[in-house]
Amino acid sequence: MTVFYFFAALVVLQGIFSLRGGFRFLSYVRGEMKRAEDETYQPFVSVIVPCRGLDQNLIVNLRVLFIQNYPAYELVFVVDNENDAALKVITEAINEVRDECDSRVIIAGIADGCGQKVHNLLRAIDEVDARCEVFAFVDSDARPSPAWLRALVAPLKDKRVGATTGYRWFVPVRGNFASHLRSVWNASIASALGANTRSNFCWGGATAMRRRTFEAVDIRAAWRGALSDDFAITRTLQREGRSIRFVPQCLTACFEDCSFTELLEFTTRQMKITRVYAPHLWRAVLISGVLFVGVFYTALALSVTQLAEGARLPVPLIFVVVMFALGAGKAYLRLLALRAAWANDVTLKAVPCCPLTLLAHTTLWTLSSILYVHNALAALISRRIVWRGIVYNLASPHETIIVKD
1 MTVFYFFAAL VVLQGIFSLR GGFRFLSYVR GEMKRAEDET YQPFVSVIVP CRGLDQNLIV
61 NLRVLFIQNY PAYELVFVVD NENDAALKVI TEAINEVRDE CDSRVIIAGI ADGCGQKVHN
121 LLRAIDEVDA RCEVFAFVDS DARPSPAWLR ALVAPLKDKR VGATTGYRWF VPVRGNFASH
181 LRSVWNASIA SALGANTRSN FCWGGATAMR RRTFEAVDIR AAWRGALSDD FAITRTLQRE
241 GRSIRFVPQC LTACFEDCSF TELLEFTTRQ MKITRVYAPH LWRAVLISGV LFVGVFYTAL
301 ALSVTQLAEG ARLPVPLIFV VVMFALGAGK AYLRLLALRA AWANDVTLKA VPCCPLTLLA
361 HTTLWTLSSI LYVHNALAAL ISRRIVWRGI VYNLASPHET IIVKD
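Mapping the sequence shown onto the numbering used here, position 207 (from 1) lands on 207, and the numbers just tick up by one.
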């Protein structure tokens, strides 16, 4: 029991530090939302949209890109081949709003020696308008607000900023268990972003950088042989001493549901990619996850046993309550931050206030911790992933083997 109490104290201490991080995240988001960004920097932007297959509600996601509150930009859609199911939807979206902004489609061809998305991005970069001063990248499963591009680009006025980024927030549509668990799992990563521009990371679904910066740090070389576009950008910018600015206005909704199988595939894929590109983060997830899961569920089992034996207030139960309160508090702070970030969007501001969302995020984190351990252990024994129907083997950050398409 002495050993158990020692590790239980460590988990409580870990929870206190995590809760403090939640307060910092909330404070940063609220501060950024109040700050009046200088929006005089509005250069011509090439918004690159890699697509493969049919995302849920793809047409709705694409329509928003045509109505960005931004004076001068183009949309460059890029697909693998002419038979891609996404091409029909892209064409439909372009035809609906043909006069709203410049837009076109590029057929990238099949990747060789790198991830298909990276290959598509490289092909699109070669085809952008000559007026382009800023590259912006957005994923086809994301649904940005009309103010998304303006908010993402504005901080780049400061040439010291290497890139700006947002992050995804999964919004379940039908609200099945797996979809809510994926949202909770993913949300814990979002709160790792904040004021520290040196430790921030880029999310490929909402990232922008000056064209000159892209060329100066040679992102093309960083993408050569890579699977993960955003990890490669992050590693390069950090190595070059360039800052990454997190823009809370670009916390981007992904309206999707998933099955339990899809949940496991997505979360394990993310952790396998993390192990290859940021092994220190993978180790931290594995160690902290094993520690929490081992202590929390051991304490829960001991509490049940001692209560059954007639104990009035088992000491392990106190630890269970404290650990749960700390984790639930951190989850609630994330929802408050999301509420602040989406306060000006009439379609999104009610999401953080939904009772089912509140219940899921303040309780399911105990299960997402088990999922993290599973993901980390799976990443330990295999580097093979399936992404958009393509099987890859991640040999290294600079070597991606395409197993089959």
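Glycine included, C-beta positions come from ideal geometry on N, C-alpha and C.
Nothing here was measured: the structure is a model prediction, and the numbers come from that model.
Span of the beta strand (DSSP E), counted from its first residue to its last, around residue i
| i | result |
| --- | --- |
| Asp-102 | 102-107 |
| Arg-312 | Element bounds for Arg-312: n/a, residue is neither H nor E. |
| Trp-387 | 384-387 |
| Val-403 | 399-404 |
| Val-12 | No beta strand (DSSP E) holds Val-12; the alpha helix (DSSP H) holding it covers 2-34. |
| Ile-48 | 45-50 |
| Pro-172 | Neither: Pro-172 is in no beta strand (DSSP E) and is coded neither H nor E. |
| Leu-75 | 73-79 |
Distance, residue j Cα to residue i Cα
| i | j | result |
| --- | --- | --- |
| Val-153 | Ser-183 | 27 Å |
| Trp-185 | Val-134 | 32 Å |
| Arg-275 | Leu-156 | 30 Å |
| Gly-389 | Gly-109 | 15 Å |
| Ala-151 | Thr-91 | 27 Å |
| Arg-242 | Ala-195 | 14 Å |
| Asp-129 | Gln-14 | 49 Å |
| Ile-287 | Ala-147 | 39 Å |
| Arg-35 | Ser-303 | 48 Å |
| Ile-16 | Arg-24 | 13 Å |
| Tyr-372 | Ala-284 | 11 Å |
| Asp-84 | Gln-306 | 59 Å |
Own chain partners of residue i with C-beta closer than 7 Å, once the 5 adjacent residues on each side are dropped
| i | result |
| --- | --- |
| Leu-263 | Ala-178, Leu-181 and Arg-182 |
| Leu-26 | Leu-333, Leu-336 and Ala-337 |
| Val-295 | Phe-7, Ala-8 and Val-11 |
Own chain, CB closer than 6 Å to residue i, minus 5 neighbours either side, in chain order
| i | result |
| --- | --- |
| Leu-300 | Val-320 |
| Phe-201 | Thr-234 |
Proximal residues to residue i (C-beta, below 8 Å), its chain only, five neighbours per side dropped
| i | result |
| --- | --- |
| Asp-229 | Gly-115, Lys-117, Val-118, Leu-121, Phe-137, Gly-204 and Trp-223 |
| Arg-383 | Lys-272, Arg-275, Val-276, Asn-393, Leu-394 and Ala-395 |
| Arg-123 | Val-78, Ile-106, Ala-108 and Gly-109 |
| Arg-131 | Phe-44 and Ala-72 |
Test item: CB-CB of residue i and residue j under 8 Å
| i | j | result |
| --- | --- | --- |
| Pro-369 | Phe-292 | The identity of residue 369 in the sequence shown is Ser, whereas the question assumes Pro. For Ser-369 and Phe-292, yes; Cβs fall inside 8 Å. |
| Leu-335 | His-361 | yes |
| Cys-101 | Phe-44 | no |
| Ala-232 | Gly-289 | no |
| Thr-252 | Ala-142 | yes |
| Leu-19 | Val-49 | no |
| Ser-188 | Gly-21 | no |
| Leu-149 | Gln-249 | no |
N-terminal and C-terminal residue of the alpha helix (DSSP H) that residue i is part of
| i | result |
| --- | --- |
| Val-373 | 365-381 |
| Phe-266 | 260-277 |
| Asn-61 | 58-65 |
### Message
Restricting to runs no shorter than 4 residues, where is the alpha helix (DSSP H) found entirely within the region 91-161?
### Response
Counting whole runs of 4 or more residues, the region 91-161 contains the alpha helix (DSSP H) stretches 116-125 and 148-153.
#### Entry: Continuous alpha helix (DSSP H) assignments of at least 4 residues falling wholly in the region 201-237
211-216 and 219-223
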